[in-house]
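*Asks:*
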Amino acid sequence: MTTAARPTFNPAQGGRSRGEGGEGDLSALSKQYSSRDMPSHTKLKYRQPGQSTIAELRASSATSGGGPPSKRARLADTANLDADDRDDDDDDSDDSDESDDETAELMAELQKIKRERAAEAAKKEERKRVEDERIRTETILSGNPLLNLQGGGSMKVKRRWDDDVVFKNCAKDDEKKKDGTFINDTLRSEFHKKFMSKYVQ
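Numbers given in the working numbering equal positions in the sequence shown, counted from 1, plus 19.
1) Just the C-alpha distance for Thr61 and Arg77, rounded to the nearest angstrom, thanks.
2) Taking DSSP as the reference, what is the three-state secondary structure of Phe186?
3) Starting from Ser83, trace the alpha helix (DSSP H) in both directions and tell me its first and last residue.
4) Candidates Lys177, Ile202 and Arg178: which alpha carbon is nearest Val184's?
5) Leaving out five residues on either side along the sequence, give the residues of the same chain with a beta carbon under 6 Å from the beta carbon of Arg66.
6) Tell me the rounded alpha-carbon separation between Arg148 and Trp180.
7) Quick check on Leu63: does DSSP put it in helix, strand or coil?
8) So what does DSSP say about Leu125, is it helix, strand or coil?
9) Could you give the distance in angstroms between the alpha-carbon of Ala140 and the alpha-carbon of Ile132?
10) Distance check for Glu135 and Lys142, CA to CA, integer angstroms please.
11) Would DSSP call Phe214 helix, strand or coil?
12) Give me the Cα-Cα distance between Gln220 and Ser161, rounded to the nearest whole angstrom.
13) Taking the alpha-carbon positions, what's the Arg146 to Leu129 distance?
Here it is, written out as structure tokens:
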């Protein structure tokens with residue numbers, strides 16, 4: 020007789036392996052444990068001197084006036100750069116007069132170019148406005164078919180692109196449409212209607 024269908028109760032009981040005590044005693048569990056189960060990181064790390072401790076931050080804010088030290092240092096550096104530039108300007112006073120003259124000439128030329136471009140842009144804007152007004156007037160006059168009879172335009176309303184689609188106005192009776200347009204629906208086509216009325220009814 021096969022044992023495939025029998026329950027596996029005895030091997031699944033547990034408490035009988037090596038290190039778990041004897042004779043199924045589950046109160047005496049194994050004394051082995053993993054190193055990952057041991058407590059780790061049991062001490063907090065504190066900031067060392069030089070790592071922006073609270074005392075260092077208080078001392079630096081007291082000396083700098085309460086602002087962030089990096090911002091104050093940047094402002095002091097820019098002030099020093101300006102002072103250096105002033106000293107260099109005193110040494111090169113002759114060159115500065117020539118450069119001031121050249122700068123004034125260049126600024127005058129720049130202003131002249133800006134005025135020319137502004138005038139050109141104003142002319143272009145005026146031309147565009149006049150053209151838009153002309154197109155708008157033409158559209159208004161030609162849009163009304165009653166005012167546009169001399170152009171030879173017909174008064175017939177154009178067909179819409181969806182007049183002959185399959186499922187448009189399915190609930191309505193299309194007996195009104197007798198102009199013989201092609202309909203892509205075989206059940207609503209003229210041939211089918213004539214066939215049904217002739218042979219079925």
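Using N, Cα and C, we set each Cβ at its ideal position, and we do this for glycine too.
*Replies:* Per the coordinate set shown:
1) The sequence position of residue 61 within the sequence shown is 42, counting from 1. The sequence position of residue 77 within the sequence shown is 58, counting from 1. Using only the alpha carbons, I get a separation of about 30 Å.
2) Start at 1 with the first residue of the sequence shown, and residue 186 comes out as number 167. Looking at Phe186 - three-state DSSP - the assignment turns out to be coil, as it is neither helix nor strand.
3) Walking along the sequence shown from the start, residue 83 turns up at place 64. Looking at the DSSP string, the run of the alpha helix (DSSP H) that includes Ser83 is Ile73 to Ser83.
4) The count along the sequence shown starts at 1 and reaches residue 184 at position 165. The shortest C-alpha separation from Val184 is found at Ile202.
5) For this step, residue 66 is matched to residue 47 along the sequence shown. So the qualifying residues of the chain are Thr72.
6) Within the sequence shown, residue 148 is the residue found at index 129, counting from 1. Within the sequence shown, residue 180 is the residue found at index 161, counting from 1. Their Cα atoms are separated by approximately 35 Å.
7) For this step, residue 63 is matched to residue 44 along the sequence shown. Note: Leu63 maps to coil in three-state DSSP.
8) Translated into positions along the sequence shown, residue 125 becomes position 106. The answer is helix: DSSP assigns Leu125 an H, G or I state.
9) Here residue 140 refers to the residue found at position 121 of the sequence shown. Here residue 132 refers to the residue found at position 113 of the sequence shown. Rounded to the nearest angstrom, the two C-alpha atoms are 12 Å apart.
10) Sequence index remark: in the sequence shown, residue 142 carries index 123 (1-based). Sequence index remark: in the sequence shown, residue 135 carries index 116 (1-based). Cα-Cα distance, rounded: 11 Å.
11) Sequence index remark: in the sequence shown, residue 214 carries index 195 (1-based). It is helical.
12) As a working mapping, residue 220 is identified with position 201 in the sequence shown. As a working mapping, residue 161 is identified with position 142 in the sequence shown. Near 52 Å, if we compare the C-alpha coordinates of Ser161 and Gln220.
13) Counting from one through the sequence shown, the residue named residue 146 turns up at place 127. Counting from one through the sequence shown, the residue named residue 129 turns up at place 110. Arg146 and Leu129: Cα-Cα distance of roughly 26 Å.
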